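Participant: Note that the UniProt record's numbering numbers the sequence shown so that position 385 is 385, with each residue one more than the last. Each residue gets a CB set at the ideal place from its N, CA and C atoms; glycine is no exception. All figures in this text were calculated on a predicted structure; none of them were measured in a lab.
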Amino acid sequence: MTLGIPSEWVDEHSRASNPGLFDPVGLERHVVVLSWAGNFPWVGTVDQDDVAADLAAGLRMEERHGRDGNRYYVISGSRYHVFVQERPSRMAGEAITLVTNVKLAGGLSRAVAVRPSGVRFVREETWTPCSPEEVLRAYQEALAAARRRRAAVDRARSGLRQVVEQTRTYATLRGLAHRRYQPLRLLLKLLRQRSELEERVEGEGVARDTGDNGDGTVLWIDLPRTDGFREGSGVDLHHAGTILRRLRIQTVEGRQLAVSAPQREVPAGSSVRVRQEARFAMKRHADALLTFLDEEVEGDWTHLAQLLCQPARLPAPVAPTVWRWFDDELDTEQRAAVTGAVGTPHAFVVQGPPGTGKTRVITEVVRQCVARGERVLLLAPMHVAVDEVLRRVGDQPGVLAMRVSWDPGRVREDLRRFLPERVADTYLRRGRRPAASRAARWRAEADGLRRRAEAVDVYLAARRDLAGAEERLAAAVRRYRTWQQDLTGRLGDAEQNVARADRELARLDARLPQATADVERLRTELDEIPLPLVFWYRLMEVFGVHNALSELLTAMDAAVEEHRRLTAGHRKWSDRMARARADLTRLTTERAEGEPAHQAAVAEHRAARETAAGVLTAATAALTTATGYDPDRIDVAELERRHADLVAGVTRCEHRIGLERRWFELSGLTDGSADGLLGEFGADVVRSANLVCCTTTGLGRSLDDIDFDTLIVDEASRVTDSEFLIGAVRARRWILVGDEHQLPPYVESTDEHHLHALAVLSAVERDDHRDLDTAVDHLGALWVEDEELHQFRTDNVRRTAELLRRQGTWREHYRADFHATRRRLRSGGADPERTLLTAMREHLVQSLFERIVGRMPAHLRQALRTQRRMIEPIAELVRQPVYGGAYLTPRPAAVPPLRYGPTRTPIVFADTSPYGQRARDRQEGSGFVNDLEVETVRNMCRSWEQRLARSGGEPVSTSVLTFYRAQAAAVRAALGGPRYPDFRLLRFQVVDAIDKIQGQESDLVFLSFVRTHLGRGTPSPRYGRWLQDVRRLNVACTRARRGLVLVGHAPTLRSLNGVPKAEAFYANLFDVLDNGADAELVRSPR
1 MTLGIPSEWV
11 DEHSRASNPG
21 LFDPVGLERH
31 VVVLSWAGNF
41 PWVGTVDQDD
51 VAADLAAGLR
61 MEERHGRDGN
71 RYYVISGSRY
81 HVFVQERPSR
91 MAGEAITLVT
101 NVKLAGGLSR
111 AVAVRPSGVR
121 FVREETWTPC
131 SPEEVLRAYQ
141 EALAAARRRR
151 AAVDRARSGL
161 RQVVEQTRTY
171 ATLRGLAHRR
181 YQPLRLLLKL
191 LRQRSELEER
201 VEGEGVARDT
211 GDNGDGTVLW
221 IDLPRTDGFR
231 EGSGVDLHHA
241 GTILRRLRIQ
251 TVEGRQLAVS
261 APQREVPAGS
271 SVRVRQEARF
281 AMKRHADALL
291 TFLDEEVEGD
301 WTHLAQLLCQ
311 PARLPAPVAP
321 TVWRWFDDEL
331 DTEQRAAVTG
341 AVGTPHAFVV
351 QGPPGTGKTR
361 VITEVVRQCV
371 ARGERVLLLA
381 PMHVAVDEVL
391 RRVGDQPGVL
401 AMRVSWDPGR
411 VREDLRRFLP
421 ERVADTYLRR
431 GRRPAASRAA
441 RWRAEADGLR
451 RRAEAVDVYL
461 AARRDLAGAE
471 ERLAAAVRRY
481 RTWQQDLTGR
491 LGDAEQNVAR
501 ADRELARLDA
511 RLPQATADVE
521 RLRTELDEIP
531 LPLVFWYRLM
541 EVFGVHNALS
551 ELLTAMDAAV
561 EEHRRLTAGH
571 RKWSDRMARA
581 RADLTRLTTE
591 RAEGEPAHQA
601 AVAEHRAARE
611 TAAGVLTAAT
621 AALTTATGYD
631 PDRIDVAELE
641 RRHADLVAGV
651 TRCEHRIGLE
661 RRWFELSGLT
671 DGSADGLLGE
681 FGADVVRSAN
691 LVCCTTTGLG
701 RSLDDIDFDT
711 LIVDEASRVT
721 DSEFLIGAVR
731 ARRWILVGDE
741 HQLPPYVEST
751 DEHHLHALAV
761 LSAVERDDHR
771 DLDTAVDHLG
781 ALWVEDEELH
791 QFRTDNVRRT
801 AELLRRQGTW
811 REHYRADFHA
821 TRRRLRSGGA
831 DPERTLLTAM
841 REHLVQSLFE
851 RIVGRMPAHL
861 RQALRTQRRM
871 IEPIAELVRQ
881 PVYGGAYLTP
891 RPAAVPPLRY
901 GPTRTPIVFA
911 DTSPYGQRAR
921 DRQEGSGFVN
931 DLEVETVRNM
941 CRSWEQRLAR
951 SGGEPVSTSV
961 LTFYRAQAAA
971 VRAALGGPRY
981 PDFRLLRFQV
991 VDAIDKIQGQ
1001 ESDLVFLSFV
1011 RTHLGRGTPS
1021 PRYGRWLQDV
1031 RRLNVACTRA
1041 RRGLVLVGHA
1051 PTLRSLNGVP
1061 KAEAFYANLF
1071 DVLDNGADAE
1081 LVRSPR
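(1) Rounded to the nearest angstrom, what separates R472 and L623 at their Cα positions?
(2) Do you know how far the Cα of T695 is from the Cα of G203?
(3) What would DSSP say about N101, mapped onto helix, strand or coil?
(4) Excluding the 5 residues flanking N1034 on each side, which residues of the same chain have their C-beta closer than 7 Å to its C-beta?
(5) Less than 7 Å separating the beta-carbons of E748 and T903?
(6) List, from N- to C-terminal side, the alpha helix (DSSP H) runs of 4 residues or more that fit wholly inside the region 927-1002.
(7) Kindly indicate the opening and closing residues of the alpha helix (DSSP H) around S722.
(8) Determine the contact status of L247 and S260, defining contact as a CB-CB distance below 7 Å.
(9) According to DSSP, simplified to helix, strand and coil, what is L1014?
(10) From E165 to T710, what distance separates their C-alpha atoms?
(11) What is the DSSP secondary structure of F909, counted as helix, strand or coil?
(12) Could you tell me which residues DSSP puts in a beta bridge with E329?
(13) Confirm, please, whether the CB-CB distance from T100 to F83 is below 7 Å.
(14) Comparing C-alpha positions only, which one of V272, Q351 and Q193 sits nearest to R851?
(15) Answer with buried or exposed for Q867, where buried requires no fewer than 16 other C-beta atoms within 10 angstroms of its C-beta.
(16) From A268 to H239, what distance separates their C-alpha atoms?
(17) Between D154 and R730, what straight-line distance do the alpha-carbon atoms span, to the nearest angstrom?
(18) When we look at the beta-carbon of L803 and count the other beta-carbons within 10 Å, is it buried (16 or more) or exposed?
(19) Beta strand (DSSP E) containing V236: first to last residue?
(20) Give the straight-line distance between the Cα atoms of L975 and V960, rounded to the nearest whole angstrom.
(21) Look at the alpha carbon of R1011 and the alpha carbon of N930, and state the distance between them as a whole number of angstroms.
(22) For Q917, does the three-state DSSP call read helix, strand or coil?
(23) Quick one: Cα of L736 to Cα of P1060, how far?
(24) Tell me which same chain residues have a C-beta within less than 6 Å of the C-beta of N796, skipping the five on either side of it?
(25) So, using beta-carbon positions, are residue 1095 and A816 closer together than 7 Å?
(26) With distance defined between alpha-carbon atoms, name the residue in A347, S1055 and A607 nearest to L1027.
(27) Rounded to a whole number of angstroms, what is the C-alpha to C-alpha distance between R855 and P311?
(28) In the DSSP assignment, find the unbroken beta strand (DSSP E) run with W220 in it and report its ends.
(29) What ranges does the alpha helix (DSSP H) occupy inside the region 27-59, keeping only unbroken runs of at least 4 residues that lie completely in it?
(30) In terms of residues, what are the limits of the beta strand (DSSP E) holding E634?
(31) Measuring CB atoms only, is the region 586-593 touching the region 458-471, in the sense that at least three cross pairs come out at less than 8 Å?
(32) Out of A385, W325 and W483, point me to the one whose CA is closest to A597's CA.
(33) Give the range of the alpha helix (DSSP H) segment to which M577 is assigned.
(34) Which residue from A949, D751, R523 and Y629 puts its Cα closest to that of R192?
(35) To the nearest angstrom, how far is it from the Cα of E933 to the Cα of R942?
(36) For F708, does the three-state DSSP call read helix, strand or coil?
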């Protein structure tokens, strides 16, 4: 297994590579002084020291504006939100930061925060200067530094040393990003202006009924007119004297609105008033784009900019191997996708056709990221896609998920338990109850582990005791032998000393008598010399004359000296003899006494060794019995490791028992209720969420200042650049999952009309075109659409332009800003209007995924090719014309085909052409309706229902799709929607336009093509452009798992031309119908 680089090394390398980057800056060098006054309600409800410590450990700060327009600030730690205002000080030119409220933090904690030098509370009357505006500036400076440090550490950890970090490359990239997104900024500015001026709309109508439109429960409302109401906009519903707030428009069809069902019931037939407040739907897009261009992002800005502008230049990472899979059934391509997504330090793209397991890959990536301690943000443009991932991963071990939605009604009912206000209850109630306590099992497990641990412990102790006994015996024997050797040596020395002294005394005894005799003889001779003669001899010596007396005296002195020497030697050797004899006697006694003592000690240690050996034999037998271990094959080190594991196992079991007991005590579960714990730990549960799920535009204010390690965007083919940035600026890594061959981003038609109208009025005013019609036609040439719809759109643009000019809003509000925008877009002689609308196409119509997937380096993308959703005949409809053959279906099929229809084939095309003029379509509003196809779908659904009932078949999930909303509304009404009372076995999921179903699937799908060309000859290449949108055709067909029913005018579809891919699709479709064993073309049943 690959070992990670120690964090200390990474920090040291980062600091060495970035001198000065880690020095304190901004707020890190200052103390935040918070003033308080006793008249505020929060005083006394929280511990100020606790709040100060929480903020000092890491804070974030933002500026807000109240409803009255007054400015205030929120300073947040991990556990508290502190609301402050600036209060002018008594000292001129200075201000204080006055705390107006303190609340417990209920949102997510932040990984990157700013640590001030200190935080302290002071009373207001001290007037300690500290301006919140200055604190905010210092905070922003420190936060930017913290982000740069984080990026430096991430680069050091991943080993990225790329040229992109060089100043010159950075400047080039920065200029490229600003040039690319300047038109988008201007576009968004124009749309914001329109929202502020025009979007407050009201209407009075009648409530119809509630039902499911595929996106959740909705309330249908009939209105005299729906002009101005926009899907996705928030509305208030006035009913019976009450206001039901924060509802959202989900569908606008003709004179009907479908709004998210309110919590309070609104009876059918009730009068209601709907009020749509002015709301810039793309505000978050604009804010995110500005954040990106200002380089205030969580991740490495250069990597994010490269992903958006130069994806081919993203640096190559060294992806680590995934060693453990949570989903063991992932195929090779899916595992490669997970490995790349988990291992990339910046970006990764997963490209997969329908049914290839993209959601499965996302689920595994989430679990891998969470397992290594990351916080993941999962986004998708549609609620259904978000909910599908959450459904799969929300209850997995280690995942603490939270579902965020502006409208809880859009969340699947069974997943609303993950909403912020309910997620704490969800996870706490998932906890164990006393009735299901595992304490007995853990206790039994601990007892078994304890017995095994004791057996190992006794054996190891016996081995240690035997080793000690053997060591002590060996030491005793060594001491005995050493003592013997030492004593023998000392006895030998003593005996030698006695013998030497005896020899010396004998020698002296032999010489001493003669010396004594010599002294006596010479003394006698001297005594015999007369005294006068002695005097005479002395006189002669005076004169230097030697004589007999001199010689005699000399001999006498020598004899005396010799006698004295011999006497002293005799005395010395006599003493030595005494000492040597005493030493000899003492050593002889020591040997006589010490020999038995040493022998007894050796015998005692030998007996102890034998006893220890016996104990070890018994312990070995007990060890083998208790554990099955063979000590002869396991060394002591391994036994000690196993003993430590057994002891740790006992500790874990006891810890679990204690934790469970403590859980029951804290939660109040001993009486069956967890309510006692919710209030205390609910906020902590929310802050600890490691997976946050919401739509791409659904990130609420509570998440504005929260950072994430990894962003995963599902259904990325429907996400524009600015929509992607809403989440991307909050994350450090970005993973996009999608299929560029499926539906593109949704663009609001009224926004398109408005921008066209502004460009038209500008062109007419400058005399570029002589009249409104000519200007509209010129700009309309930029858009390739169906002829009828192009005519309708042209009329709308013309009508919008005329309205703006007639009401004076063009000249009063839009003219100056649009001309300023036009001047900024003029570069190199380019047509500004064309540049603006081209930018609209690139940034509001085309997805980021579609733009970059083919330009990503091979090591940063992975294609999935094997589908397991649908039967092979359905997949065959798109395999070649859409995916060029790179779309595989394993055998046997994962699901059985549905053969309950009249042809007993899973694919049926009901041709309406035999009915001649009855098959004609008609235009209704902005779309088309085909009454014969509505009747055909209804009849075939009834036939399926009856055949399923007769055969005892199981319920079948069913969707009815079409290219036009007007047709969808007609079909839904014909089938009895939204409740469909006549159908019990066909379980309708989505009965709507194709755009509403991406990310979902059904067993059986009906597709109504609507359009019919009954004229002579081949239709124009511009005819039926929506029917030639291969992406919609792909999505519509691949929603079906087991059966597909196509209803349309076969000659019209065979003759469509102008889009080569669509021609290939229909050629393949009719080839399958004409020659396939599992498909058949039949006459439409009446």
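Facilitator: Let me spell this out:
(1) Along the sequence shown, read from residue 1 onward, the residue named residue 472 stands at position 472. Along the sequence shown, read from residue 1 onward, the residue named residue 623 stands at position 623. Near 26 Å, if we compare the C-alpha coordinates of L623 and R472.
(2) Numbered from 1 along the sequence shown, position 203 holds the residue referred to as residue 203. Numbered from 1 along the sequence shown, position 695 holds the residue referred to as residue 695. Using only the alpha carbons, I get a separation of about 28 Å.
(3) Position 101 of the sequence shown holds residue 101. DSSP places N101 in strand when its eight states are reduced to three.
(4) For the purposes of this step, residue 1034 is taken as residue 1034 along the sequence shown, with counting starting at 1. Excluding sequence neighbours, N1034 sits near H741, Q742, V878 and V882.
(5) Counting from one through the sequence shown, the residue named residue 748 turns up at place 748. Counting from one through the sequence shown, the residue named residue 903 turns up at place 903. No.
(6) Runs of the alpha helix (DSSP H) lying entirely within the region 927-1002, each at least 4 residues long, are 931-951 and 965-974 in chain order.
(7) The count along the sequence shown starts at 1 and reaches residue 722 at position 722. D721 to A728 is the extent of the alpha helix (DSSP H) around S722.
(8) Numbered from 1 along the sequence shown, position 247 holds the residue referred to as residue 247. Numbered from 1 along the sequence shown, position 260 holds the residue referred to as residue 260. Here L247 is near S260, since their CB atoms are less than 7 Å apart.
(9) Here residue 1014 refers to the residue found at position 1014 when the sequence shown is read from its first residue. L1014 falls in the coil class under three-state DSSP.
(10) For the purposes of this step, residue 165 is taken as residue 165 along the sequence shown, with counting starting at 1. For the purposes of this step, residue 710 is taken as residue 710 along the sequence shown, with counting starting at 1. Note that E165 has pLDDT 43, beneath the 50 cutoff, so the model's placement of it is unreliable and the number below is only indicative. Roughly 22 Å between the two C-alpha positions.
(11) In the sequence shown, the residue the question calls residue 909 occupies position 909. Note: F909 maps to strand in three-state DSSP.
(12) Reading the sequence shown from its first residue, position 329 is the one you call residue 329. E329 pairs with nothing; no bridge assigned.
(13) What you label residue 83 is simply residue 83 of the sequence shown in a count that begins at 1. What you label residue 100 is simply residue 100 of the sequence shown in a count that begins at 1. Taking 7 Å as the Cβ cut-off, F83 and T100 qualify as a contacting pair.
(14) For the purposes of this step, residue 851 is taken as residue 851 along the sequence shown, with counting starting at 1. Closest by alpha carbon: Q351.
(15) Against the sequence shown, residue 867 aligns to sequence position 867. Q867 is buried by the Cβ-count criterion.
(16) Locating residue 268 in the sequence shown gives position 268, where the first residue counts as 1. Locating residue 239 in the sequence shown gives position 239, where the first residue counts as 1. Rounded to whole angstroms, A268 to H239 spans 12 Å at the Cα level.
(17) Counting from one through the sequence shown, the residue named residue 154 turns up at place 154. Counting from one through the sequence shown, the residue named residue 730 turns up at place 730. The straight-line gap from Cα to Cα measures roughly 15 Å.
(18) In the sequence shown, the residue the question calls residue 803 occupies position 803. Counting Cβ neighbours within 10 Å, L803 comes out exposed, since fewer than 16 surround it.
(19) Here residue 236 corresponds to residue number 236 of the sequence shown, with the count starting at 1. Here residue 236 turns out to be Asp, not Val, going by the sequence shown. Residues G234 to H239.
(20) Translated into the one-based positions of the sequence shown, residue 975 becomes position 975. Translated into the one-based positions of the sequence shown, residue 960 becomes position 960. Looking at the two C-alpha atoms, the distance is approximately 10 Å.
(21) Within the sequence shown, the letter at position 1011 stands for residue 1011. Within the sequence shown, the letter at position 930 stands for residue 930. Each residue's alpha carbon lies about 7 Å from the other.
(22) For this step, residue 917 is matched to residue 917 along the sequence shown. Assignment of Q917 by DSSP, reduced to helix, strand and coil, places it in the helix class.
(23) Along the sequence shown, read from residue 1 onward, the residue named residue 736 stands at position 736. Along the sequence shown, read from residue 1 onward, the residue named residue 1060 stands at position 1060. So the two alpha carbons sit approximately 29 Å from each other.
(24) Counted from its first residue, the sequence shown places residue 796 at position 796. If we look at N796 and ignore the five residues flanking it on each side, its Cβ neighbours are H753.
(25) No answer is possible for residue 1095: it lies beyond the span of the chain, which begins at 1 and ends at 1086.
(26) Along the sequence shown, one-based indexing puts residue 1027 at 1027. Looking at A347, S1055 and A607, the one whose alpha-carbon comes closest to that of L1027 is S1055.
(27) What you label residue 855 is simply residue 855 of the sequence shown in a count that begins at 1. What you label residue 311 is simply residue 311 of the sequence shown in a count that begins at 1. Their Cα atoms are separated by approximately 6 Å.
(28) Residue 220 sits at position 220 when you count from the first residue of the sequence shown. First-last of the beta strand (DSSP E) with W220: T217 to D222.
(29) 48-56
(30) Translated into positions along the sequence shown, residue 634 becomes position 634. According to the sequence as given, residue 634 is Ile; it is not Glu. Per DSSP, I634 belongs to no beta strand (DSSP E) and is neither H nor E.
(31) no
(32) On the sequence shown, position 597 is the one that residue 597 refers to. Of A385, W325 and W483, the residue nearest in Cα terms is W483.
(33) Along the sequence shown, read from residue 1 onward, the residue named residue 577 stands at position 577. Per DSSP, M577 belongs to the alpha helix (DSSP H) from A548 to T627.
(34) Taking the sequence shown and counting its residues from 1, one reaches residue 192 at position 192. Of the listed residues, the one whose Cα sits closest to R192 is D751.
(35) Residue 933 sits at position 933 when you count from the first residue of the sequence shown. Residue 942 sits at position 942 when you count from the first residue of the sequence shown. Cα to Cα, E933 sits roughly 14 Å from R942.
(36) Looking up residue 708 in the sequence shown gives position 708. Correct three-state label for F708: strand.
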